[in-house]
Structures are given as structure tokens and as C-alpha cells.
């Protein structure tokens, strides 16, 4: 047993240093443990610090990304094509330039160099945008041409970057502005069929340049027919020294607008052009007293009521006096006329006598049934409301019968005539293609006149073109049995009808035995020329213009000429 008083064993005896046994520093084992502990603490602090920095950076970047994404989100639109599948409107991808003003190092240098590279930029506005260091995102130029973007890229200015966006382009060429309309800077439809597309929820909100996968919107127009109509109306303006012109071609069975032009025309997508009064859509927004083409409606009303028939006699020997007004004929025959003669000689006197048998109440009811006393709804928007007489007096009733005193849009008038000649089924014009075998609209069409009345009117329109003395003789096209009616209306100004300016028009139906299409041509303020014998009446300008249009468009629309029966 060990002696308690004996001294403690020496280091040599035990082989261990007391300090080493307790892990004291200064020794190899202690130093290793201390180093490991220090390293662990340092790594821990580094990890925490890194995490804090990362979270802060993520928050800042997320905020910036959210801002850029919100501003940079785009609208993907479906293509618009014509009835034959030709492309009218589509989205393409273009670069858009934006800046982070906080990263602009030399403001003066940036403004100067950018203004040289992009001359359309406003230097003052550019300086104002880039001076605001609180802003982290500002658009500088949207939908740039790739060549311009390359110029900016080569400048190497810090704080500038590009984002690809969808931009709308219109391959259909000039003359489709009123039909297709335009989109704003964010690719939202604001007019024409473009606005209709948005109204039908056919667009998609997208991040980045993602094109729409929706099927194309198929317009009713035929692009080739559109260009023909545009070129012939443009030529007519030059030929007759007219102020302007407008015209359309419509399928009388479905109401589809095959072509529609209002001059001067402008390219689709040109928003600024819509603000110019000269670019008013004369077919849908303008309202006009159309003159003698309106007699077509008076005759249809009288035939349908049974108050008239083609061989009934009307006295057109003397002018007709109504109160302080006198109704006379432009080229009077000064003799009794059959109803057919009243039509083909365009007698105001005979037509007024026919209207007096109809009466004001039944006249208004018929015009209302045809949709002429209310704005016309279309995919391009609602047409202008008609300008009606304040009171439908006897004088109003008589003047309306031959196209004065009631101003309507040409499109609504064309639809009314189409509804008569197609067998009496009221149609609503549409700028969208109608599927084969289906009628436009969900409800069954209204019957505005009887089929018998429709046949009488087609024969009457044909007689006006085919018979000697008819005012529409210059609208004849060999092989196509064209029927139609002229209109030469005094243009109303402040205080009434002033000067000698006229609006001439011609409404045509072809072929008359089985109508497929209707055309309407209007010329504002045509002048008499050597070619017209100094005449300004519609038979000398609007009628031959119609013949030129039908000659070119009818074969395009699949109508084969038939030369076997050139007469009635």
C-alpha cells in the first residue's frame, strides 16, 4: 500500500505532463483544439454574414426584377388574316431600350451620344429621365429597328440594356387603316379590328416575346379586292378631279364586307393618322344625304305595300309644290311616267308622289325596319347615328323619298339595299369571315320585304342599266348582268344647299338574276371634264367607276361571265 506521506510521482514516473492532461494551451494537443474551435466560429460568422448579404441582395434584385417584369410584360395578339389566309397583322419581336439611371456614370456624355445614335429621341426629355437617380428603370425607346439597337449597343454606355418585346406590324400594305385600326405602345388594340380582338378577350398577357398560339382572326375582306377598289377609287379622284371618294363591296347573302375603302387612305397601325379629319371613315362615321340612290328604298316600300307596281302611272308633267318647297326633276320628261320610268329616269316628282301614297308613318317604319334610323353596330365600332328631320312633316316625307332630309352612313344604306335584293332577308354588315353555310348572327334574319318585292327590285335595277335612257347605262359590264341606281345629291352647308358641289354615288347589284354582291361608289365634289361632257351627275362618273371595279373584281370573286343573254 502506498505511503500517504510519500511524494507525488515525478513526470518521469507517470510519463504525462499535468498541463497536457488538462489540455492547457501552449502544448501541441491544446493548440489543435483551439485552432479548430476558432475556425469553426469564423466559418459560422462568415456563413451568417453571407446569408444576410445574400438575403439583402435577393430582396433588392427581386424588387428590381419585379419592377422590370411588371413594366416589360407584353400583350400577345393573334394574327389577323384576310378571307384567303393572307396575313394582315402579326406580332414580331423587336428590341426595346431601357436604362437604370442610378448606373449612368457620365450624364452629359450619355445624353449626347444617345441623341446622336437615336435622332428621334428628345434630348431634354432624355436628360430629365436619366437625371432621376431614384429611378431604377425607365424606357427610352420601344420597338426599335435592330440596326438602331446595334448602334446603341456599340456605344457601350453603362446602365443601358435591351428587352425584347412583341410589336405589331401590318404586311397588308396601305389602305387598311380604317379596317384594322391600331394598337398602343403596349400592344393593346385601340381601334378597328384590333380593338375588337381585345374586346373578345383574344389576347394574352405574357412575359417576354412569347407569340400568341391562338388561331388567327379571319377578316371578311379579300386583300386583292381591297387593293383593286383602292386603286380604282384613287384613279376616279384624279379622273374627275374629285375631293375624295369611298366605296365598298359586300356579299348580299351574309353581309360580309369584301372590300371597303375611304380616301384618302392610310396604313394600318398609324394612330396619328386617325386624328386627321381628312382620314374620317366616310363609310361608317360620316353621314350624308345620298340623293337618288335612296329611291331604291322608296320603290321597295311601295311595291311591298302594294301601293305601286312597275306599270302604274305617275304624273311628272309639272313640278310638285309642297308649302314653300318645289320638287322638280333634274332632267324632266314633263309627262306621265310609269313607275319603271320614274326609276330609270330618276324622277323626283314621280318618287314624291309615290311617297305620298306610302305616308310618313309607314315610311318611317320601313326605314326603321331596315336599320336606317339607328346607329349601325359593327366589329369596328358603332356607326354614326343618322341625322333625322326634327319633325317628320309632309315636306320631310317627300324629300326623304328621293334622298334629301335624312343623312345616313353609306355602310348602313348599302346594308339596307342588300337586305332588299337578297330576297328580303335583313343582314347586318360584318368585317369577319362567315363560315360557309352559316348565316351571320345567331338569330334568324328579319324579313324586310317579300321575295316577290325583291324580284321586282332586281328587275328594276337591271332595267336602269340595261334599257336605253337609264341613268345607270355606263355601269354595264358585259357578261355580268349588273343592276343599279345613280345618286346625285347637293351637298348641304351652313344655311342649306349652297354652290354647285355634289356628292355622286352608284349602288350596284351583280348578277341581278341571282345576286351575290353589292357595290357602292361615292365621289365627293367631282368636276365636269372633257370625258364627261362637263357633266357632274353620277351617271357620268360614279357609274363608269363602278363598271371598272366590277370588271376587275367579279372574276377575282369567282363569278364567271355569261355572254349568252346580254339583255334583261
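In our numbering, the protein residues as written are 1307 to 1874.
No residue lacks a Cβ here, since even glycine has one placed at the ideal position from N, Cα and C.
Quick one: what does DSSP say residue i is sitting in, helix, strand or coil?
i	result
residue 1558	coil
residue 1459	helix
residue 1418	helix
residue 1838	helix
residue 1823	strand
residue 1401	strand
residue 1729	coil
residue 1532	helix
residue 1802	strand
residue 1506	coil
residue 1859	helix
residue 1547	coil
residue 1599	helix
residue 1441	coil
Per DSSP, what are the beta-bridge partners of residue i in this structure?
i	result
residue 1869	Residue 1869 is not bridged to any residue.
residue 1791	1813
residue 1628	1631
residue 1909	Residue 1909 lies beyond the residue range present for the chain, which begins at 1307 and ends at 1874; the question has no answer from this structure.
residue 1466	1405
residue 1386	1395 and 1523
residue 1454	None; residue 1454 has no bridge partner.
residue 1830	1550 and 1809
residue 1476	DSSP lists no partner for residue 1476.
So is residue i buried or exposed if we call it buried at 16+ other beta carbons inside 10 Å?
i	result
residue 1372	Note on residue 1372: pLDDT 44, under 50, position unreliable in the model; no value is reported.
residue 1595	buried
residue 1775	exposed
residue 1794	buried
residue 1806	exposed
residue 1563	buried
residue 1634	exposed
residue 1430	exposed
residue 1604	buried
Express the C-alpha separation of residue j and residue i in angstroms, rounding to a whole number.
i	j	result
residue 1360	residue 1442	Low local confidence applies: a pLDDT of 48 at residue 1360 is under 50, so the model's placement there is unreliable, with the coordinate-based value given in what follows. Looking at the two C-alpha atoms, the distance is approximately 20 angstroms.
residue 1482	residue 1587	11 angstroms
residue 1728	residue 1593	25 angstroms
residue 1829	residue 1535	13 angstroms
residue 1836	residue 1808	18 angstroms
residue 1780	residue 1849	6 angstroms
residue 1869	residue 1788	13 angstroms
residue 1387	residue 1476	10 angstroms
residue 1610	residue 1839	38 angstroms
residue 1434	residue 1450	21 angstroms
residue 1625	residue 1722	29 angstroms
residue 1617	residue 1549	40 angstroms
residue 1704	residue 1683	28 angstroms
residue 1713	residue 1494	34 angstroms
residue 1656	residue 1622	6 angstroms
residue 1382	residue 1484	22 angstroms
residue 1733	residue 1496	27 angstroms
residue 1492	residue 1380	6 angstroms
residue 1448	residue 1533	31 angstroms
residue 1389	residue 1761	30 angstroms
residue 1771	residue 1777	7 angstroms
With a Cβ-Cβ cutoff of 9 angstroms, do residue i and residue j count as a contact?
i	j	result
residue 1689	residue 1695	no
residue 1677	residue 1600	no
residue 1474	residue 1396	yes
residue 1810	residue 1844	yes
residue 1602	residue 1726	yes
residue 1398	residue 1463	no
residue 1486	residue 1466	no
Should residue i be counted as a contact of the ligand FAD given a C-beta to heavy atom distance under 8 angstroms?
i	result
residue 1468	Ligands displayed in this structure: none; no statement on the ligand FAD is therefore possible.
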